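Going down the list, the sequences are from chains A and B.
At position 100 of the first sequence (counting the first as 1) the number is 99 in numbering that gives the first Met the number 0, and the numbers step up by one without a gap.
At position 174 of the second sequence (counting the first as 1) the number is 173 in numbering that gives the first Met the number 0, and the numbers step up by one without a gap.
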Amino acid sequence: MKDLTPAPAAAIEGWYTLDDDAPALLGSRCNKCGTYFFPKQFTYCRNPGCDSTEFTEVRLSRKGKLWSYTNACYQPPEPFVAPEPFEPYAIAAVHLEEEQMVILGQVADSLTVDALTVGMPMELVLDVLHPDPEGDKIIWKWRPTGGAA
Amino acid sequence: MSQNDIAIIGAGMTAWGKWGKNFAEYGVAAAREALADAGIPWQDIRFVSGGATVRCGYPGYVAGATIAQALGWQGAEVNTSYAACASGSQALAAARAKILAGHCEVALVVGADTTPKGFLAPAKGYRPEDPDWVRFYLGITNPTYFALYARRRMDLYGDTQDDFAAVKVKNAAIGSQNPRARYTKTFSAEDVANSAMVADPLRLMDICATSDGGAALIVSSLDYAKRIGKGDAPRVAAISTVTPSFASGTVEMPDIATDSAAAAGIDAINYRSQIPLKAYEEASLGPEDIDLAEVYDLSTALELDWIEDLKLCERGAAAQLLRAGDTSVGGKIPVNASGGLACFGEAVPAQALAQVCELTWQLRGEAGPRQVEGAKVGITANQGLFGHGSSVIVKR
């Protein structure tokens, strides 16, 4: 029998790759000064010393260090799609060394703040943000490299 | 630098609350109190500088004119400023520029807001080009950002949730003495610890509410102040409304990423710590001259960040000041002698002016049970969305 389950799809298209092995956020980089942008930026460079209009899409580093973390104990308003009943989830801010920037995301594997410490190594994974009749919506999440501490 | 000073000859402020009235009512009440305090008639005001509210339709976008009309058109020039939480300071800066340029002698600066109940949610639809939409889609709310900053304090400096609770206990105790505060109950550390967790490590009582309220100042040239017998009125010695410098290294509401500091020769910068630098320079004063500070305690932990950003102590040492009682009224450097946002809640376009009102009363020795003895110099600090922030120094 043919599997009629709809295929998962990116929750926000074009913001990250969908390969299972080494997914990465898709940012852009200024061709002139080397500044990275996430979300992608292709029209103007926000470095005040640079007037470039040329950018290249780049895969951002998949690994970084935990800058800080928290969780959400209350259900956020829409457009957040909440499960019934609402389940708290953790949020991580991860510093990428090469790009010298911090990027937020949910924490994977239902890990809680108890599993996290500022400075710990983190990596990017793909996970379900929320189910959808047309297929699960996939998003990037952070998790401690090699699992929880 | 006193040739760049202006006088604060009147201050007025409503009580903060949640009544859902027309914002102009709060603005008018605050303005009338400030005019009475200054002892001058409304018709003498030649410039009205309002802080805008974005939650009250067109009248809110032109708040200066809306409140001027409500007070009765009398031909004054009018301005409206929007700069998120710094709106009041930007309106004050507009009045100062007008006065120092010799274009008017006396101005009304006013901000007022009425706030909806519940979460502030983004516009509907699927809109990934809007960072505010994206962060809510990912489940990142305002308290998320406050909690990220608070957790860093715990992991890097050894602050504890008990320290954060102690900020609330301190501000509630002094705010209970402030007749204009919305929340006047005192709380114990146990009360805070028993309140619901919102965004670990912050509990409900660590996070400020949104409120209705209005605040107003009457400001003038020093000559004008002397002529009406208020030559010794507190003065605005500095206003900083600087924007961030690239590359900002702190992830700020509503963004999901910081700037990248990867381009050669750039170090990431903490915006909050940049805001008071221009104020200190403009006033030719330093942190050692400050007698009290009114800072934007959107969360209890953020009050500790601000104390360090204002350079009132070394980075990471604010909790030690708190534990020693130094930031309480009667301590070495009282912080939020008004009770702060913890006791008021946030009424965005009024809040930066409310901070200056408190400094004005303190420097006039009129703060009653909240009085910081011998206060001569005070500083305010706040930060809002999209690169807006401000710091004002008032001296007498």
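The C-beta atom is built at its ideal place from N, Cα and C for all residues, glycine as well.
Here the structure is a predicted model, which means the values were calculated and not measured.
- CB contact flag (Thr-69 (chain A), Arg-150 (chain B), <8 Å): Position 70 of the first sequence, counted from the start, is the residue given in the question as residue 69 (chain A). Position 151 of the second sequence, counted from the start, is the residue given in the question as residue 150 (chain B). Their beta carbons are under 8 Å apart, which means Thr-69 (chain A) touches Arg-150 (chain B) by this criterion.
- Interface residues of chain A facing Arg-151 (chain B) [CB-CB closer than 8 Å]: Locating residue 151 (chain B) in the second sequence gives position 152, counting from the first residue. Neighbours of Arg-151 (chain B) on chain A, chain order: Trp-66, Ser-67, Val-117.
- Query: Which residues in the same chain have their Cβ closer than 7 Å to the Cβ of Phe-85 (chain A), if we skip the five residues on either side of it in sequence?
  - Reply: As a first step, residue 85 (chain A) is located in the first sequence; it is residue number 86 there, counting from the start. The residues are Gln-74.
- Cα-Cα, which of B:Gln-382, B:Ala-33, B:Thr-359, B:Gln-2 is closest to Val-371 (chain B)? In the second sequence, counting from the first residue as 1, residue 371 (chain B) sits at position 372. Measuring C-alpha to C-alpha distances from Val-371 (chain B) to each of B:Gln-382, B:Ala-33, B:Thr-359, B:Gln-2 identifies B:Thr-359 as the nearest.
- Task: Buried or exposed for Asp-36 (chain B), please, with buried defined as at least 16 other CB atoms from any protein chain shown within 10 angstroms of its CB.
- Result: Indexing the second sequence from 1 puts residue 36 (chain B) at position 37. Counting Cβ neighbours within 10 Å, Asp-36 (chain B) comes out buried, since at least 16 surround it.
- Message: Quick check on Ala-148 (chain A): does DSSP put it in helix, strand or coil?
- Response: Within the first sequence, residue 148 (chain A) is the residue found at index 149, counting from 1. Low per-residue confidence applies at Ala-148 (chain A): pLDDT is 46, beneath 50, and the placement is therefore not dependable, though the value from the model is reported in the following sentence. Coil at Ala-148 (chain A), not helix or strand.
- the segment 101-111 of chain A touching the segment 134-151 of chain B, judged by at least three CB pairs closer than 8 Å: yes
- Item | Start-to-end residues for the alpha helix (DSSP H) that takes in Lys-277 (chain B) | Your numbering for residue 277 (chain B) matches position 278 in the second sequence. 270-282 is the span of the alpha helix (DSSP H), which, as asked, contains Lys-277 (chain B).
- Roughly how many whole angstroms lie between the Cα atoms of Arg-54 (chain B) and Lys-184 (chain B)? Reading the second sequence from its first residue, position 55 is the one you call residue 54 (chain B). Reading the second sequence from its first residue, position 185 is the one you call residue 184 (chain B). The alpha-carbon of Arg-54 (chain B) is positioned some 29 Å away from that of Lys-184 (chain B).
- Would His-387 (chain B) count as contacting chain A if we go by Cβ distances under 8 Å? Taking the second sequence and counting its residues from 1, one reaches residue 387 (chain B) at position 388. So, not an interface residue.
- Item | Residue closest to Ile-66 (chain B), alpha-carbon to alpha-carbon, out of B:Ile-139, B:Lys-97, B:Val-109 | One-based indexing of the second sequence puts residue 66 (chain B) at position 67. Ranking the options by Cα distance to Ile-66 (chain B), first place goes to B:Val-109.
- Item | Residue environment, Gln-350 (chain B), which counts as buried when at least 16 other CB atoms sit within 10 Å | Sequence index remark: in the second sequence, residue 350 (chain B) carries index 351 (1-based). Buried, by the Cβ-count rule.
- Task: Use the C-beta contact count for Ala-147 (chain A): other C-beta atoms within 10 angstroms, 16 or more gives buried, fewer gives exposed.
- Result: Looking up residue 147 (chain A) in the first sequence gives position 148. Legend: pLDDT at Ala-147 (chain A) = 48, less than 50; position of this residue unreliable, no value from coordinates given.
- Task: Helix, strand or coil for Glu-86 (chain A), going by three-state DSSP, please let me know.
- Result: For the purposes of this step, residue 86 (chain A) is taken as the residue at position 87 of the first sequence. Note: Glu-86 (chain A) maps to coil in three-state DSSP.
- The beta strand (DSSP E) enclosing Met-196 (chain B), as first and last residue numbers: In the second sequence, counting from the first residue as 1, residue 196 (chain B) sits at position 197. It spans 196-198 - the beta strand (DSSP E) in which Met-196 (chain B) sits, taken as one unbroken run.
- Examine chain B for any beta-carbon lying closer than 8 Å to the beta-carbon of Glu-83 (chain A), and answer yes or no. The count along the first sequence starts at 1 and reaches residue 83 (chain A) at position 84. Judged by the 8 Å Cβ criterion, Glu-83 (chain A) is not in contact with chain B.
- The alpha helix (DSSP H) enclosing Gly-398 (chain B), as first and last residue numbers: Absent from the structure is residue 398 (chain B), since the part of chain B shown begins at 0 and ends at 395.
- Every unbroken beta strand (DSSP E) inside the segment 143-174 of chain B [3 residues or more]: none
- Query: Since Pro-143 (chain A) sits in a beta bridge, which residues does DSSP pair it with?
  - Reply: Within the first sequence, the letter at position 144 stands for residue 143 (chain A). Answer is A:Met-121, bridged to Pro-143 (chain A).
- Message: Taking 8 Å as the threshold (beta carbon to beta carbon), is Asn-70 (chain A) in contact with chain B?
- Response: Walking along the first sequence from the start, residue 70 (chain A) turns up at place 71. Taking Cβ atoms only, chain B reaches closer than 8 Å to Asn-70 (chain A), which makes this a yes.
- Are any of the Cβ atoms in chain A nearer than 8 Å to that of Phe-46 (chain B)? Counting from 1 along the second sequence, the entry for residue 46 (chain B) is found at position 47. It does not; no Cβ of chain A falls within 8 Å.
- Message: Measuring straight from C-alpha to C-alpha, what distance separates Gln-160 (chain B) and Ser-298 (chain B)?
- Response: On the second sequence, residue 160 (chain B) is found 161 positions in, with the first residue counted as 1. On the second sequence, residue 298 (chain B) is found 299 positions in, with the first residue counted as 1. C-alpha separation (whole angstroms): 12 Å.
- Considering only the beta carbon of each residue, do Asp-112 (chain B) and Gly-212 (chain B) sit closer than 8 Å? Looking up residue 112 (chain B) in the second sequence gives position 113. Looking up residue 212 (chain B) in the second sequence gives position 213. A contact, by the Cβ cut-off of 8 Å.
- Message: Am I right that Pro-142 (chain B) and Leu-201 (chain B) are in contact with their C-beta atoms under 8 Å? What's the rounded C-beta distance?
- Response: Mapped onto the second sequence, residue 142 (chain B) falls at position 143. Mapped onto the second sequence, residue 201 (chain B) falls at position 202. About 6 Å separates the two Cβ atoms, so the contact holds.
- Message: Would Ser-259 (chain B) and Glu-345 (chain B) qualify as a contact pair, given that the criterion is a beta-carbon distance under 8 Å?
- Response: Taking the second sequence and counting its residues from 1, one reaches residue 259 (chain B) at position 260. Taking the second sequence and counting its residues from 1, one reaches residue 345 (chain B) at position 346. Not closer than 8 Å, so no.
- Task: Note down, in chain order, each residue of its chain lying with its Cβ closer than 7 Å to the Cβ of Leu-340 (chain B), except the 5 sequence neighbours on either side.
- Result: Taking the first residue of the second sequence as 1, we reach residue 340 (chain B) at position 341. If we look at Leu-340 (chain B) and ignore the five residues flanking it on each side, its Cβ neighbours are Cys-207, Tyr-295, Asp-296, Leu-297.
- Kindly indicate if chain A contains any beta-carbon less than 8 Å away from that of Leu-137 (chain B). If you number the second sequence from 1, residue 137 (chain B) lands on position 138. Yes, Leu-137 (chain B) counts as interfacial toward chain A.
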